[in-house]
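**Student:** Below is the structure I would like to discuss, written out as structure tokens.
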Amino acid sequence: MSTTDAARDVEYSNGKFEGGVLKERNGILLIPQPSDDPDDPLNWPTWKKHSALAAVSFGSFICYVTATIIASGILAIAEDLEVTKEEATYVLTTPVIVYAVGPLFWVAASHFLGRRPMLIFGSLISMVCCFGCAASHTYSGVLIARYFQALGAAGPLALGPASIKDMYFRHELGKMVGINTIFLVISPFSGGIIGGPIMENLGWRASQWISGGFMGLAMILMILLVPETIYLREEDSTTSTKFGFRTPSRKHQHSFWFVLTRPIVMFAYPAVLLPCLWFGIAYMPHVGITSNLSLILESAPFNFTITQAGLSFFSGLIGAFTGEIFAGPVMDFLVVRSSRAGKQWAPELRYRAIWLGLIMMPLGLIMFGTTIEFTEAWIAPLIGNGVYIFGVEIMTTVVQTYILDCYPEQAMESTLVLNFFRNILSFIPPFFLTSWIAESGGSLPFGIFALLGVVSFIPLVLPLIFKGPAIRAWSGAPDWGKTT
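If you number the sequence shown the way the working numbering does, the last residue is 489 and the count never jumps.
Structure follows, in structure tokens:
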């Protein structure tokens, strides 16, 4: 379908056609340029985009709620399953490794079947496994159910950012990715908040039945509100409808094995590898704090109840929310200012929003570690936790948006690298942090985590800030063509 410039100006109600390109009414260049097709997600009405964004973000939110809803009931799980508290902690923490590798499958499958069916199917698997976990009465059965529960939840986790990128223009992307990111970052804390009163009053198994209900609701929202967001503009592309799913496909498709393994290629690109590795290092204490917070607060001198320990996760939730209030709008402002000034855009400009996060991240960790060791005031470590998460939220949004900017045609593959480092490095601390805190107190381990986050920034991120365009030009870009 083709139209004249004048006709196109009328058809695209959100913008105007000037000098051969589409711009918004306020003069911002639209990147990427939308097609003439109303099925192009870039051309969807605002309400349709935002509805899909809400459903995808809810799916991202629930994926970690189901993971951490048991965080304040570790001792109850240990007693019920007749295991040690360290073994009970593994029920909470070890499924994190699935979030590092599980998205590889979902991304590969989405290239052939579309994002929409994978979002729905992943939610279905997670829902069923939540129910299986609630019904299991053995430690091994609970562990297995938790691993497969995480595998299903990894679908919305992996496909959410790329689905958002399909629908929004570059100058909107920081805010929209930020919305999804804030739901993702606050979800572990929301799980703790929700789970505390549930487990104290109804038992830990009830938390799993309720988790299954949450995943079922996410699945329904995906069915009702998320159309297929993949849109291929190449001439050799077609659109097919199978079992009610609109699935774009190419006539010449790569093999499933190629698509499954090609995210590994993105590890060779410094603009992806380096910031993702650094972020994983800075994020490492996150799961460590989550797994130990209730154990710390339910012990002397704090002596919290399970419900009180669950409510303590509000500190992280507040930190994440306030961090996103800063990060998303600031990055979009940088894009708008650059566009209006007629300056050439470089993804590295997004790092101008990261400095406050780099300060608050180590400050929060040091505050958390020293106060759990040297004070009896419960509010002090919670403030430290909130400050740390505030910094982490800024860094999450900046790094994720940066790598999407660097390689927009490999959005999902780049995001998988970020997810890999975030989860594989978070998998490590719970195995030693509980005993380390017991032996050394909190100031030493969290002081070391803070130092690692700051020192690693120098070799991993600073070169990109100053020489990013040259580094990206040197490394080139993947040559497999446009991806879905």
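We put the CB at the ideal spot given by N, CA and C, even for glycine.
Since this is a predicted model, take the numbers as computed values, not measurements.
In this structure, does DSSP put leucine 282 in helix, strand or coil?
**Tutor:** helix
**Student:** Would you tell me roughly how many angstroms separate the C-alpha atoms of phenylalanine 437 and leucine 129, rounded to the nearest one?
**Tutor:** 34 Å
**Student:** Counting only the same chain and skipping the five closest in sequence on each side, list residues whose C-beta sits under 7 Å from that of leucine 457.
**Tutor:** Sequence-distant Cβ neighbours of leucine 457 in its own chain, meaning closer than 7 Å and more than five residues away, are Ile286.
**Student:** Kindly indicate which residue of Leu34, Tyr274, Gly201, Phe136 has the alpha-carbon position closest to the one of methionine 220.
**Tutor:** Phe136
**Student:** Using the beta-carbon count (16 or more within 10 Å), is glycine 249 buried or exposed?
**Tutor:** Caution is warranted here: a pLDDT of 44 is assigned to glycine 249, below 50, making its placement in the model unreliable, and the coordinate value is therefore given only provisionally. Glycine 249 counts as exposed, since fewer than 16 other C-beta atoms from the protein chains shown sit within 10 angstroms of its C-beta.
**Student:** Which residue's Cα is closest to the Cα of serine 168: Ser56, Val277, Glu92?
**Tutor:** It is Ser56.
**Student:** Going by the beta-carbon positions, is the gap between serine 320 and asparagine 390 smaller than 8 Å?
**Tutor:** yes
**Student:** Confirm, please, whether the CB-CB distance from proline 435 to threonine 71 is below 8 Å.
**Tutor:** no
**Student:** Using 8 Å as the Cβ pair cut-off and three pairs as the minimum, do the stretch 310-327 and the stretch 201-209 touch?
**Tutor:** yes
**Student:** What's the gap between the Cα of glycine 196 and the Cα of glutamate 444?
**Tutor:** 29 Å
**Student:** Going by CA-CA distance only, name the one from Tyr144, Ser77, Phe63 that's closest to glutamate 87.
**Tutor:** Tyr144
**Student:** Where do the ends of the alpha helix (DSSP H) carrying asparagine 390 lie?
**Tutor:** 384-411
**Student:** Using alpha carbons as the reference points, say which of Ile364, Ile442, Tyr236 lies closest to serine 40.
**Tutor:** Tyr236
**Student:** Taking the C-alpha atoms as reference points, what is the distance between serine 141 and tryptophan 52?
**Tutor:** Their backbone Cα atoms lie some 42 Å apart in a straight line.
**Student:** In chain order, what residues of the same chain have a beta carbon less than 7 Å from the beta carbon of phenylalanine 454, not counting five sequence neighbours either side?
**Tutor:** Met289, Pro290, Leu370
**Student:** Quick one: grab the DSSP three-state call for leucine 34.
**Tutor:** strand
**Student:** Count the C-beta pairs between the stretch 61-76 and the stretch 152-161 that are closer than 8 Å, then say yes if the count reaches three, no if not.
**Tutor:** yes
**Student:** Determine, using beta carbons only, whether glutamate 398 and glycine 481 come nearer to each other than 8 Å.
**Tutor:** no
**Student:** Nearest to tryptophan 49 by CA position, among Ile359, Leu230, Leu430, is which residue?
**Tutor:** Comparing Cα-Cα distances from tryptophan 49 to each of Ile359, Leu230, Leu430, the minimum goes to Leu230.
**Student:** Classify asparagine 185 as buried or exposed, calling it buried when 16 or more other Cβ atoms lie within 10 Å of its own Cβ.
**Tutor:** So asparagine 185 ends up on the buried side.
**Student:** Curious, which full-length alpha helix (DSSP H) runs of at least 4 residues does the stretch 85-161 contain?
**Tutor:** 90-98, 101-118, 120-140
**Student:** Compute the Euclidean distance between the alpha carbons of leucine 421 and leucine 467, then round it to the nearest angstrom.
**Tutor:** Their Cα atoms are separated by approximately 22 Å.
**Student:** May I ask which residues mark the beginning and end of the alpha helix (DSSP H) holding arginine 355?
**Tutor:** Where arginine 355 is concerned, there is no enclosing alpha helix (DSSP H), given that its DSSP letter is neither H nor E.
**Student:** What distance in whole Å lies between the Cβ atoms of alanine 76 and serine 296, which are believed to be in contact at a cut-off of 8 Å?
**Tutor:** 7 Å
**Student:** Using 10 angstroms around the beta-carbon of asparagine 428, count the other beta-carbons present and answer buried if the total reaches 16, otherwise exposed.
**Tutor:** buried
**Student:** Helix, strand or coil, according to DSSP, for tyrosine 69 in the structure here?
**Tutor:** helix
**Student:** Alpha carbon to alpha carbon, how far is glutamate 165 from isoleucine 125?
**Tutor:** According to the sequence as given, residue 165 is glycine; it is not glutamate. Distance between the alpha carbons of glycine 165 and isoleucine 125 is about 12 Å.
**Student:** Cα separation between phenylalanine 307 and lysine 90?
**Tutor:** 18 Å
**Student:** For leucine 409, collect the residues of the same chain with a Cβ closer than 8 Å to its Cβ; drop the 5 residues on either side in sequence, then sort them by chain order.
**Tutor:** The answer, listed in chain order, is Pro166, Lys170, Leu178, Val182, Ala416, Ser419, Thr420.
**Student:** Would you kindly work out how many angstroms separate the C-alpha atoms of alanine 478 and glycine 333, rounded to a whole number?
**Tutor:** 27 Å
**Student:** By DSSP, does tryptophan 49 sit in helix, in strand, or in coil?
**Tutor:** coil
**Student:** Does the ligand SAH have a heavy atom nearer than 7 Å to the CB of serine 440?
**Tutor:** The model depicted lacks the ligand SAH and carries no ligand whatsoever.
**Student:** Would you mind working out which of Leu148, Pro122, Trp111 sits nearest leucine 99, comparing C-alpha positions?
**Tutor:** Reading off the sequence, residue 99 comes out as threonine, not leucine. Considering only alpha carbons, the answer is Leu148.
**Student:** Roughly how many whole angstroms lie between the Cα atoms of valine 335 and threonine 406?
**Tutor:** 12 Å
**Student:** Evaluate proline 464 with the Cβ neighbour count: other Cβ atoms within 10 Å of its Cβ, from every protein chain shown; 16 or more gives buried, anything less gives exposed.
**Tutor:** exposed
**Student:** In angstroms, rounded to a whole number, what distance separates the CA positions of tyrosine 274 and isoleucine 301?
**Tutor:** 41 Å
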